[in-house]
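Going by the working numbering, the final residue of the sequence shown carries number 758, and the count climbs one at a time with no gaps. First comes the structure, then the notes that go with it.
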Amino acid sequence: MSRKAPKKRPVKKKVEVIEEEELEEEASALSPSFLIKVLFRPKVLLMLAVVASGLFFFQKLKHQLPDLSQLEEYQLETKKLSLIPAPPHYVPIDIVDQVIKRSQLPEKVSLLDQGLVLKIADAFQKHPWVQKVVSVQKTNTLEVEVLFRKPAAMVEIKQALFPVDNEGVLLPPEDFSVSDARRYPVITGILSNPAGPAGTSWGDLTVTGAAQLAEALGPHWKELDIVSIEAPPRTTTELALDDLVYRLITTGGSEIVWGRSPKSQRRGELRVDQKIGKLEKYYRDYGGFDRPHGPYEIDIRHWQEISRRPLKQQSSQRTLMQR
Numbered sequence: 436m437s438r439k440a441p442k443k444r445p446v447k448k449k450v451e452v453i454e455e456e457e458l459e460e461e462a463s464a465l466s467p468s469f470l471i472k473v474l475f476r477p478k479v480l481l482m483l484a485v486v487a488s489g490l491f492f493f494q495k496l497k498h499q500l501p502d503l504s505q506l507e508e509y510q511l512e513t514k515k516l517s518l519i520p521a522p523p524h525y526v527p528i529d530i531v532d533q534v535i536k537r538s539q540l541p542e543k544v545s546l547l548d549q550g551l552v553l554k555i556a557d558a559f560q561k562h563p564w565v566q567k568v569v570s571v572q573k574t575n576t577l578e579v580e581v582l583f584r585k586p587a588a589m590v591e592i593k594q595a596l597f598p599v600d601n602e603g604v605l606l607p608p609e610d611f612s613v614s615d616a617r618r619y620p621v622i623t624g625i626l627s628n629p630a631g632p633a634g635t636s637w638g639d640l641t642v643t644g645a646a647q648l649a650e651a652l653g654p655h656w657k658e659l660d661i662v663s664i665e666a667p668p669r670t671t672t673e674l675a676l677d678d679l680v681y682r683l684i685t686t687g688g689s690e691i692v693w694g695r696s697p698k699s700q701r702r703g704e705l706r707v708d709q710k711i712g713k714l715e716k717y718y719r720d721y722g723g724f725d726r727p728h729g730p731y732e733i734d735i736r737h738w739q740e741i742s743r744r745p746l747k748q749q750s751s752q753r754t755l756m757q758r
């Protein structure tokens, strides 16, 4: 008969004893007496002394070193920063000086100033002519890339003209001469006043829609003999942009029923290019919007035909009112 091999008994006690010894060693390593023994060894004390002396002398030396940010080679006259690309012709030529004055920037800045880029970007962003600061790069000079607002039209209020961009943001009126102002489409019929200073929105959707239309008609304005955009009366704030129908007034007094603003989402509204195409075709066919026996009311909102009717009576009434 074969004998059975004796079963191996688990050595739990031995494992438990080893774990207890390890825990005791860890606890002893963190005990105050052990830490004192380690810290008060000669080598450790010497290292601590070297580190403390280094920090002390570094602070002393730091105060003795010259302030590099004040050295002439790191200074830049603020007015000599570069604008990229160059400002368009309608932006004031002293735009940089205006930014410096409005933001109270110093005459000179240090290229070593860590916050210089943010300061310059913030100063330009606050100017009413600036739509967006794209970037500010600091090398041996400062290069500021700016997207400027573009005048789209002049809003006529009590015979005064107020420039706006294509989103109805008010631009500085003092930057436009009388001859400059007359180069842009005129928006009439506005009953509101600007809600804030230059650089802020007019605050009236009627102005916004008219400015968008003025931008769309910009390249065709003079060739079609259009003198102004007549905005509809917005009697309540509940009226949305899609509820407003605009008219174009020609040099001879004809009124072209344009329709809604170029950004209208109303179903069935013709696209801007379709309406302009109809205007150009009508102008070619008749030699103008006021011929042969105008002025007329010309409606281009239909998909196929263009309707018109005489406006002699209304035109004479308007003339008497203007007198």
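Just so you know, even glycine gets a beta-carbon here, dropped at the ideal spot from N, CA and C.
What three-state label does DSSP hand residue i in the structure shown?
i, result
"Ala587", "strand"
"Ser538", "helix"
"Gln700", "coil"
"Phe611", "coil"
"Glu690", "strand"
"Ile733", "strand"
"Ala646", "helix"
"Asp548", "coil"
"Val565", "strand"
"Tyr681", "strand"
"Gln572", "strand"
"Ile622", "strand"
"Ala675", "coil"
"Gln510", "strand"
"Val581", "strand"
"Asp502", "Bear in mind that the predicted position of Asp502 carries a pLDDT of just 47, short of 50, making it unreliable; the figure below should be weighed with that in mind. Coil at Asp502, not helix or strand."
"Lys710", "helix"
"Val526", "coil"
"Pro745", "strand"
"Leu605", "strand"
"Glu658", "coil"
"Leu516", "coil"
"Lys716", "helix"
"Lys554", "helix"
"Asp639", "coil"
"Phe597", "strand"
When burial is assigned at 16 or more other CB atoms within 10 Å of the CB, is residue i buried or exposed?
i, result
"Ile684", "buried"
"Leu553", "exposed"
"Glu528", "With the sequence shown as reference, residue 528 is identified as Ile, and Glu is not the correct amino acid for it. Burial call: exposed."
"Arg617", "exposed"
"Asp708", "exposed"
"Ala666", "buried"
"Gln647", "buried"
"Asn601", "buried"
"Pro620", "buried"
"Pro697", "buried"
"Val486", "exposed"
"Gly729", "buried"
"Val571", "buried"
"Ala521", "exposed"
Are the beta-carbon atoms belonging to residue i and residue j less than 8 angstroms from one another?
i, j, result
"Asp639", "Ile622", "no"
"Gly411", "Trp637", "Any property of residue 411 remains undetermined from this structure, which presents the chain solely from 436 to 758."
"Tyr731", "Ser699", "no"
"Leu518", "Val579", "yes"
"Lys769", "Leu582", "Here the chain has residues from 436 to 758 only, and residue 769 is not among them."
"Leu659", "Leu714", "yes"
"Ala649", "Ala595", "no"
"Leu551", "Lys573", "yes"
"Arg695", "Leu679", "yes"
"Pro586", "Tyr525", "yes"
"Phe611", "Pro629", "no"
"Ala558", "Ser545", "no"
"Ile733", "Tyr717", "yes"
"Arg701", "Asp677", "yes"
For residue i, is the beta carbon positioned less than 7 angstroms from some heavy atom of the ligand GDP?
i, result
"Ala556", "As for the ligand GDP, it is missing from this structure, which has no ligand bound."
Taking residue i as the reference, give the member of the options with the closest Cα.
i, options, result
"Leu577", "Ser612, Tyr721, Lys515", "Lys515"
"Trp693", "Ser663, His562, Val599, Gln533", "Ser663"
"Gly712", "Met589, Ile735, His728", "Ile735"
"Val642", "Leu605, Ser612, Tyr619", "Leu605"
"Ala645", "Gly634, Val590, Gln594", "Val590"
"Thr513", "Ile555, Met482, Pro523", "Ile555"
"Leu746", "Gln549, Asp677, Arg726", "Arg726"
"Pro632", "Leu652, Pro607, Gly653", "Pro607"
"Gly722", "Val613, Gly687, Gly703", "Gly687"
"Leu511", "Glu542, Pro520, Glu609", "Glu542"
"Ile592", "Asn575, Gly634, Ser627, Glu609", "Ser627"
"Gly634", "Thr672, Arg669, Ser614, Arg584", "Arg584"
"Arg744", "Ile691, Asn575, Ile661", "Ile691"
"Leu652", "Arg669, Lys710, Ser614, Glu740", "Lys710"
Can we say the stretch 553-572 touches the stretch 521-536, given the rule of at least three CB pairs closer than 8 angstroms? The answer is yes - the stretch 521-536 touches the stretch 553-572, with three or more Cβ pairs under 8 angstroms.
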